[in-house]
Amino acid sequence: MSRRAWRWLIPLAALPLLALLAYGFRVNPREIPSPLVGRPAPGFALTAFDATPLTLDAQRGRVVVVNFWASWCYPACYEEAPVLEQSWRAYRDRGVLVIGVDIQDTVEAAQKFIRDFGLSFPNAPDPTGKVSVDYGTYGVPETFFIDRRGRIRARHVGALTDDVIRAHVERLLAEPAG
Amino acid sequence: MRRRHAGVTALVLAVLLSGAAPAPARVVSESQVHEVAGELRCVVCQNLSVADSPSEMARQMRVIVRERLEAGESPAEVVQYFVDRYGEWILLSPRRRGFNLLVWFAPLAAVAVGLAIVAVLVRRWTRRPASEGTAPSLDPAMRERIRRETEAER
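Those sequence lines, one after another, are chains A and B. Just so we're aligned: 112 in our numbering is position 112 of the first sequence, and the numbers increase by one with no gaps anywhere. One gets our numbering by counting positions in the second sequence from 1 and adding 1000 to each.
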């Protein structure tokens, strides 16, 4: 091969690598698409902190927002707790249920968190971690939006904002129940 | 008498234990759990397997692995359970198929290309001094002239 060809070949060989790097740096490694979106939501039967049973199957026909949180998850869970409570109050009469699932936590710390933020939607601990693994969560906070037919339609990683909740909930409420 | 006593104790113990936890369909050893957990990425860690991580989440996942194995699932089925929920991202080594093959074979291809380049360069570098050593062959006229001039100087 001629000397001139070599001079071009070496920078050319670096191009695919540079393209790969450029792509890699633009992708957030924490944002892994959930394979569960579009699939039926895994069922669960938990006991809420107020000792009432809390099952997902009983909520068919409602739009359900399942929020995974923990009292040690600062600041994200502390930021979204008031937002969640506000949304719950705004939507509870329109066929929306917010469920909080507390993971990897102690009962005392979790109950203090619920009291501090005055959370009125049902919250339950997941002491074995089975529900959080069933939903493929890898951290807190993580939130799943379930449609009226019991299918997971969206997952949000990180603190919720008013806009995020409204966008997902309104979209699912607009769909026919059947 | 003592032997009978021991037998009764064992029986009572067995009843108590079986009452405490549902009898597993299969006895699963720690190493079997470790093997499956070693394939799974600890989701709250950086580059640690579920087997190696001391985190609470990994501990809970190991319990789930054990329970599923005890219930009679094969190691592949247990791994698939996690893949269904987390995607292939949960696997520490990507499966050897489809696009993933690139990850497995690109390094080998890169090493092969690198070796080829080194081989070509080494050949070129070692050949050049040898050819330069013999290259300036003197034409007969020049040789004659040098001979004459050196003779003239004597």
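Even glycine gets a Cβ: it sits at the ideal position worked out from N, Cα and C.
Of all the options the options, which has the alpha carbon lying nearest to the alpha carbon of residue i?
| i | options | result |
| --- | --- | --- |
| B:Val-1113 | A:Arg-4, A:Trp-8, A:Arg-3, A:Ala-13 | A:Ala-13 |
| A:Phe-121 | A:Arg-149, A:Pro-82, A:Gly-139 | A:Pro-82 |
| B:Glu-1077 | B:Ala-1037, B:Arg-1127, B:Trp-1104 | B:Ala-1037 |
Report the three-state DSSP secondary structure of residue i (helix, strand or coil).
| i | result |
| --- | --- |
| A:Leu-9 | helix |
| A:Arg-62 | coil |
| B:Gly-1019 | Low confidence applies here, because B:Gly-1019 scores a pLDDT of 46, under 50, leaving its location unreliable and the question unanswered by this model. |
| B:Leu-1138 | coil |
| A:Leu-197 | No answer is possible for residue 197 of chain A: the residues shown for chain A start at 1 and end at 178. |
| A:Val-107 | helix |
| B:Met-1001 | Because B:Met-1001 sits at a pLDDT of 44, beneath the cut-off of 50, its placement in the model cannot be relied upon, and the following sentence gives the value as read from the coordinates. B:Met-1001 falls in the coil class under three-state DSSP. |
| B:Gly-1087 | coil |
| A:Gly-100 | strand |
| A:Val-83 | helix |
| A:Ile-165 | helix |
Using a Cβ cut-off of 8 Å, pull out every chain B residue sitting near residue i, in sequence order please.
| i | result |
| --- | --- |
| A:Val-133 | Gln-1060, Met-1061, Ile-1064, Phe-1082, Arg-1085 |
Find the residues of chain A that neighbour residue i, judging by a C-beta separation of less than 7 Å, and give them in chain order.
| i | result |
| --- | --- |
| B:Trp-1089 | Ile-32 |
| B:Met-1057 | Gln-104, Gly-129 |
Please say whether residue j and residue i have beta carbons closer to each other than 8 Å?
| i | j | result |
| --- | --- | --- |
| A:Gln-104 | B:Met-1057 | yes |
| A:Val-64 | A:Ile-99 | yes |
| A:Asp-126 | A:Leu-36 | no |
| A:Ala-167 | A:Glu-80 | no |
| A:Ala-124 | A:Ala-48 | yes |
| B:Val-1028 | B:Leu-1069 | yes |
| B:Arg-960 | B:Val-1033 | The question about residue 960 of chain B has no answer here: the residues shown for chain B are numbered 1001 through 1154. |
| A:Arg-155 | A:Ser-34 | yes |
| B:Arg-1085 | A:Val-133 | yes |
| A:Val-157 | A:Glu-170 | no |
| B:Trp-946 | B:Arg-1096 | Because chain B here runs from 1001 to 1154, residue 946 of chain B falls outside it and cannot be looked at. |
| A:Thr-55 | A:Phe-44 | yes |
List, in chain order, every chain B residue whose beta-carbon is nearer than 7 Å to that of residue i.
| i | result |
| --- | --- |
| A:Lys-130 | Ile-1064 |
| A:Gly-136 | Arg-1085, Tyr-1086 |
Taking buried to mean at least 16 other C-beta atoms within 10 Å of its own C-beta, is residue i buried or exposed?
| i | result |
| --- | --- |
| B:Val-1012 | At B:Val-1012 the pLDDT is 47, less than 50, meaning the model places this residue with poor confidence and gives no usable figure here. |
| A:Val-27 | exposed |
| A:Phe-144 | buried |
| B:Ala-1109 | exposed |
| B:Glu-1153 | exposed |
Show which residues of chain B have a CB atom less than 9 Å away from the CB atom of residue i.
| i | result |
| --- | --- |
| A:Gly-158 | Within chain B, no residue comes near A:Gly-158; the closest Cβ sits about 15 Å away, beyond 9 Å. |
Going along chain A, which residues have a C-beta under 8 Å from residue i?
| i | result |
| --- | --- |
| B:Val-1044 | Tyr-138, Gly-139 |
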